[in-house]
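A short write-up of the structure that comes next.
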Amino acid sequence: MKGFEDIIKEQKSSMKTSLTICVSLFVAAGAVFFVRRTIALFFLLVAVLLAVSLYSRYSKFKAQIADIDVDEVAGEFISANSRYFMQFELTITDNYVIMERPAFKVYTLAKMEKFEVGIAGEMRKALFLTDFKGERHKIAETQKGDATQRDFDEAYECIRDYFNRRKAK
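Sequential numbering of the sequence shown, starting at 559, is according to our numbering.
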């Protein structure tokens with residue numbers, strides 16, 4: 559099983575790959591500019607869009623890391639109480655929820671007011687954490703009959719257990 563440090567390394571590696579692609583597009587735009595301006599402008603536009611997206615992703619990643627005690631999260635991540643749900647790339651520890659995809663996020667459970675299950679018709683349901691500001695954060699989603707149903711139910715139980723323990727204190 560990979561550790562929290564491995565997840566951080568994967569996130570950084572992914573951003574480094576995106577940066578390499580971005581720089582390559584800028585270089586390609588410059589190299590093609592005098593021959594095919596239309597193609598060069600297209601490369602330039604794609605490079606700028608990728609750069610903006612990468613900057614936003616990097617900023618959010620840094621904010622996530624700055625908001626937590628990395629050593630504490632890493633310790634909980636490898637503890638016996640930690641649960642990993644491969645279908646969602648989601649780990650639930652005693653005090654944190656760590657999402658790897660679609661974007662890296664670390665939620666501190668103590669900063670969450672409640673959890674909810676949103677149901678869309680008879681086919682889909684999603685598990686949300688709601689912070690004290692009322693903002694909902696989707697951490698898992700499943701459809702009726704798909705392979706993620708069991709993991710969804712187990713993730714729900716983990717979250718419910720946390721809130722029941724907190725309420726009992």
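The beta carbon of each residue, even a glycine, is placed where N, CA and C say it ideally should be.
All figures in this text were calculated on a predicted structure; none of them were measured in a lab.
Same chain, Cβ closer than 6 Å to residue i, neighbours up to 5 away in sequence not counted
i, result
"R694", "F686, T688"
"Q645", "T706, D709"
"I626", "V664"
"V655", "Y665, I697"
"I735", "Here the chain comprises residues numbered 559 to 727, so residue 735 is not present and cannot be evaluated."
"Y720", "L667"
Assumed close pair residue i, residue j - CB separation to whole angstroms, cut-off 8 Å
i, j, result
"Q569", "F635", "That pair is no contact at about 14 Å."
"E563", "A632", "6 Å"
"D675", "Y714", "At residue 675 the sequence reads Val, which differs from the Asp that was named. Yes, they are in contact, since the Cβ atoms of V675 and Y714 sit about 7 Å apart, within 8 Å."
For residue i: DSSP bridge partner residues
i, result
"A698", "L685"
Proximity of residue i and residue j at Cβ, strictly below 9 Å
i, j, result
"S611", "S576", "yes"
"L599", "C580", "no"
"A698", "A684", "yes"
"F592", "Q622", "no"
"L648", "R724", "no"
"E671", "G692", "yes"
"I597", "E658", "no"
Residues of its chain near residue i, where Cβ-Cβ distance is below 7 Å and the 5 sequence neighbours each way are ignored
i, result
"G561", "A632, F635, I636"
"N639", "T651, D652"
"F601", "L583, A586, A587, V590"
"K702", "E680, M681"
"C716", "R641, I650"
Cut-off 8 Å between Cβ atoms - residues of its own chain near residue i, not counting five sequence neighbours on either side
i, result
"R718", "F673"
"M573", "L612, R615, Y616, F619"
beta-carbon residue i near the ligand NAD non-hydrogen atom, thresh 8 Å
i, result
"E712", "With respect to the ligand NAD, the structure shown offers nothing to examine, as it has no ligands at all."
Can you give, in chain order, each stretch of the beta strand (DSSP E) that sits fully within the segment 605–693 and has at least 3 residues?
Assignment of beta strand (DSSP E) within the segment 605–693, counting only whole runs of 3 or more residues, yields 641–643, 648–650, 654–657, 663–666, 670–678, 682–689 in chain order.
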